[in-house]
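Anchor point for the sequence shown: position 261 equals 277 in the numbering used here, and the numbering is continuous, going up by one each time.
Note that the Cβ used here is the ideal one computed from N, Cα and C, for glycine as well.
Working notes, beginning with the structure itself.
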Amino acid sequence: MSEISFEYNVPVFAGAPESGTDPVHRDTPCYETLDWETTKTGVETAEKLGFDAAWAPDHLMLGRDNAEYECWTLLSALAGSTDDINLGSLVLCNDYRNPALVAKMAATLDVVSGGRLELGLGAGWHEPEYEAYGWEYRDGFDRLMRLDESIRLIKRMWDAGSDGASFDGDHYRIEDAYCSPPPVQEPHPPILVGGQGEEVTLKLVAKHADVWNTDVFNGDVDTLEHKIGVIEDHCETVGRDPADVEYSWDGHVICTRDEEKLDRILDLMLPIQFEEEYQDQANIETEADARDYFVMGTPEQCAEAIERRIDAGVTKFQGWFVDFPDTDGMELFADEVIPQFD
Numbered sequence: 017m018s019e020i021s022f023e024y025n026v027p028v029f030a031g032a033p034e035s036g037t038d039p040v041h042r043d044t045p046c047y048e049t050l051d052w053e054t055t056k057t058g059v060e061t062a063e064k065l066g067f068d069a070a071w072a073p074d075h076l077m078l079g080r081d082n083a084e085y086e087c088w089t090l091l092s093a094l095a096g097s098t099d100d101i102n103l104g105s106l107v108l109c110n111d112y113r114n115p116a117l118v119a120k121m122a123a124t125l126d127v128v129s130g131g132r133l134e135l136g137l138g139a140g141w142h143e144p145e146y147e148a149y150g151w152e153y154r155d156g157f158d159r160l161m162r163l164d165e166s167i168r169l170i171k172r173m174w175d176a177g178s179d180g181a182s183f184d185g186d187h188y189r190i191e192d193a194y195c196s197p198p199p200v201q202e203p204h205p206p207i208l209v210g211g212q213g214e215e216v217t218l219k220l221v222a223k224h225a226d227v228w229n230t231d232v233f234n235g236d237v238d239t240l241e242h243k244i245g246v247i248e249d250h251c252e253t254v255g256r257d258p259a260d261v262e263y264s265w266d267g268h269v270i271c272t273r274d275e276e277k278l279d280r281i282l283d284l285m286l287p288i289q290f291e292e293e294y295q296d297q298a299n300i301e302t303e304a305d306a307r308d309y310f311v312m313g314t315p316e317q318c319a320e321a322i323e324r325r326i327d328a329g330v331t332k333f334q335g336w337f338v339d340f341p342d343t344d345g346m347e348l349f350a351d352e353v354i355p356q357f358d
């Protein structure tokens, strides 16, 4: 089994409500106003505490006032303000950027960061962003087929290095496209793929991904075990060793010995309000529901929740520390939870 890694999800938007009647965003329910120094300090604190990676979501208008930092620009800035922590996209929407350009962007960021890039990719899902920014929102199967081609194209460009790469697919075409200098990681930066559809998405994971990214909708242990089993079956079908795919848990963390703080955050977050596209995926209304999906409670309870997911096959834990911009939860987690898995 791979070593267990603990990673930090970057608050790139503020999710706290302006009033008692406004919605709260589940990922950043205590972050009142988006502020660059506050967001950057969170990443730098995570690095000092020993977290292995920092992940930024790729959306353009989430949270309070629809204010949000663009993923790739943010990662580039963080590459210059950090030294050791890996940097990743969780996950980059395939339709927002040309994949040949993504290959070049990723190679450059891997070089300038000293080999710290982890490239997370997804087919895209947030239709309001497509409409607002003028992108065509295709059906799900078409978006996934485009993602499949994009990953193959990106890998071809990385492999070609100083030689030009060509690719002639149904959706993308390049001819003598150079990716020089190439990424510094060998054979290339790890590719993480996010998604949950069992017939197409998880088969695409089995074909191409180094890591599968779950999310809050798959964060309970029973669903994790089932989805991982589906990926392992797909690996056998496509002729790939299931051990070549790593599994990540992406979810909410509340680490505290203060019961009043725990209750206050849960009261703020519950019931979880999901976007229209995902309202049928998970039902998180009560504290009991939250304990199924979150890593929450005392350090001992958090460690127990992590252990159950390790038993299911997870090796990467990407946490939203939902008390942010308070860093007490992250610090307690780093001091008392992470050392239990060294």
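Judged by DSSP in its simplified three-state form, Trp52 adopts helix. Contact between Gly104 and Gly138 fails: their C-beta atoms lie close to 12 Å from each other, not under 8 Å.
Listed as beta-bridge partners of Asp283 by DSSP are no residues whatsoever. Per DSSP, reduced to three states, the secondary structure at Phe233 is helical. For the pair Ala306 and Leu282, the CB atoms are nearer than the 8 Å cut-off. Closest by C-alpha distance to Asn229, out of Gly267, Ser92 and Ala30, is Gly267. Distances from the CA of Pro27 to each of Ala123, Cys109, Gly66 and Trp52 were compared; the closest alpha carbon is that of Trp52.
Between the alpha carbons of Cys87 and His75 lies a distance of about 7 Å. With contacts defined by Cβ atoms closer than 8 Å, Leu163 and Phe183 do not form a contacting pair. In the structure shown, Phe349 falls within a helical segment according to DSSP collapsed to helix, strand and coil.
Under the DSSP assignment, Arg172 falls outside any beta strand (DSSP E), being part of the alpha helix (DSSP H) whose first and last residues are Gly156 to Ala176. Sequence-distant partners of Leu106 (beyond 5 residues in either direction) whose C-beta falls short of 6 Å from its own C-beta, in its chain, are Trp71, Pro73 and Gly136. Nearest C-alpha to Phe67 among Thr37, Thr57, Glu23 and Pro39: Glu23. Between Ala222 and Ile244, the C-beta spacing is not below 8 Å.
Relative to Gly96, the option among Glu60, Asp81 and Lys120 whose CA is nearest is Glu60. In this structure, the CA atom of Thr302 is about 39 Å from the CA atom of Asp257. Rounded to whole angstroms, the separation of the alpha carbons of Gln334 and Arg159 is 25 Å. In terms of CA proximity to Glu134, Ser264 leads the group Ser264, Glu143 and Asp358.
Unbroken alpha helix (DSSP H) stretches of 4 residues or longer found wholly inside the stretch 197 to 234: 217 to 224, given in chain order. Looking from the CA of Val353, the closest CA among Leu284, Ala304 and Thr272 belongs to Thr272. With a contact defined as Cβ atoms closer than 8 Å, Val269 and Phe357 miss out at about 14 Å.
Residue pairing for Tyr24: DSSP places it in a beta bridge opposite Ala70 and Gly335. In the three-state DSSP reduction, Tyr263 falls in the strand class (E or B). Pairing Met173 with Ala225 gives a Cβ-Cβ distance that is not under 8 Å.
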